[in-house]
Ligand code: BG6
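In our numbering, the protein residues as written are 514 to 981.
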């Protein structure tokens, strides 16, 4: 196939990403309520989220560095429990003011603010009343929260992200329940009901935004990944289709097309997992169609024909595939290298994922996360993170190829702008272009240092990605 290489579009958004609970700290300041993340701790020698990178107090200092790096966009999340401390009660002006200051500071520095409404940090009081199981309460609370943000910021924000990784919250929630806000295992039927309730909340929020802005664009960020069959055995191919349905298409079909994917639906019905769908629900989904789709990509998945009880020993997190009895089983991909933390590295998989999602839905795509977690050492006031540079180099090259093949991508926001607390592996697993000087338990001064990748990314942005 002859492929003419395209340059990145002139207005391409080269950015970086963070989330509120993993970076802000200030967990109980300015009337912030507790979120489900504020009560989590993964062990004595693993940082909690109370101070994190202290972005709440240091955001201006950080934005100076973002500007120096040349960032064109910055994807962050808004802490629901700062805006409405109890989740569905009074609105906290101090919370709105913090984000207004942050947004204004970004705009002043020509950096496009891309806020995510909800990134794993459900207000604790909602969780205590059933969380996403309690449709009436939590869907309405999400809408009230979204409306407070739309009212205040609709004119300043061009791109909104509704939910971070609904698919991870649901899929992993059923296995280890680390990210969906509840420490106790939830049964799978409940999870698919929660997922349905999230679809409704999201569609209604999308519809609501149209009241406040005709210009702003809105969409979800899912952890979509391409899935390979373990072999050319037809049964393995079928299992890869199944895995893709359960990880990708069941979510995106509901969000984009307002339908339940037929194969997922039959599986839910046969296994007593079908959520309650109210009369009007599918109309609500159809009405709240997103303008773009955002993808968090770290790795691909590989599966084989389902064999019961094959993978009891696998340590599951958001990037590892798992088993669903009757549908697929996890398989190792020997063609792919692994990161220090055990995730398979697959830059070509990013291109495949972008092509698959774009071909299927033909909505503009954004990348809201992509990155490499490493344990690192500060030496001579910098970090030599050459491995991260190589990781980005390879992924961005594939991104350019996907664009050259006809996929519309508008932004690349790698994870993460600054070092922050990993969602479940503490502070030593670092992702940033900017080093934050602290350890798991010693906060030191939380001073910032530019890593080698900072300069590399700066140069890449300056050349608008034209380095291949
Ligand atoms: C994504 C999440 O799944 O992966 C982020 O949206 C998370 O919140 C990122 O930090 C990397 O994962 P981890 O567990 O290494 O922090």
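C-beta atoms are modelled at their ideal positions from N, C-alpha and C, and glycine is treated no differently.
Practice task
Would you kindly work out how many angstroms separate the C-alpha atoms of residue 749 and residue 836, rounded to a whole number?
Solution key: 13 Å
Exercise for the section: Would you give the residue range spanned by the beta strand (DSSP E) that residue 587 belongs to? Expected result: 586-590
Handout entry: Pair within 9 Å by beta-carbon distance, residue 729 and residue 672
Key = yes
Practice task
Tell whether a beta-carbon distance below 9 Å holds between residue 590 and residue 710.
Solution key: no
Handout entry: Nearest neighbour of residue 769, chosen from 812, 645, 731 [CA to CA]
Key = 731
Practice task
Could you name the residues of the same chain whose beta carbon sits closer than 7 Å to that of residue 764, not counting the 5 residues immediately before and after it, in chain order?
Solution key: 679, 680, 735
Exercise for the section: With a threshold of 8 Å, establish whether the CB of residue 561 neighbours any heavy atom of the ligand BG6. Expected result: no
Practice task
Would you mind sorting residue 981 into buried or exposed? The rule is 16 or more other CB atoms within 10 Å of its CB.
Solution key: exposed
Practice task
Run the proximity test for residue 681: is its beta-carbon closer than 8 Å to any non-hydrogen atom belonging to the ligand BG6?
Solution key: yes
Exercise for the section: Assign residue 760 to one of three DSSP states: helix, strand, or coil. Expected result: helix
Handout entry: residue 727, buried or exposed, once every other Cβ within 10 Å from all chains shown has been counted against 16
Key = exposed
Handout entry: CB of residue 535 within 9 Å of CB of residue 929, strictly
Key = yes
Handout entry: Heavy atom of the ligand BG6 within 8 Å of residue 633 beta-carbon
Key = yes
Handout entry: Start-to-end residues for the beta strand (DSSP E) that takes in residue 720
Key = Run containing residue 720: none in the beta strand (DSSP E); it sits in the alpha helix (DSSP H), 701-725.
Problem - residue 974, DSSP secondary structure in three states - result: helix
Exercise for the section: Examine the ligand BG6 and report whether any of its heavy atoms sits within less than 8 Å of the Cβ of residue 889. Expected result: no
Practice task
Can you grab the Cα-Cα spacing for the pair residue 689 / residue 519, in whole Å?
Solution key: Because residue 689 sits at a pLDDT of 48, beneath the cut-off of 50, its placement in the model cannot be relied upon, and the following sentence gives the value as read from the coordinates. Using only the alpha carbons, I get a separation of about 43 Å.
Exercise for the section: Go to residue 870, then tell me how far its alpha helix (DSSP H) extends in each direction, as first and last residue. Expected result: 860-874
Problem - Outcome for residue 839 when other beta-carbon atoms lying within 10 angstroms are tallied against a minimum of 16 - result: exposed
Practice task
Tell me whether residue 627 is buried or exposed, calling it buried when 16 or more other Cβ atoms sit within 10 Å of its Cβ.
Solution key: buried
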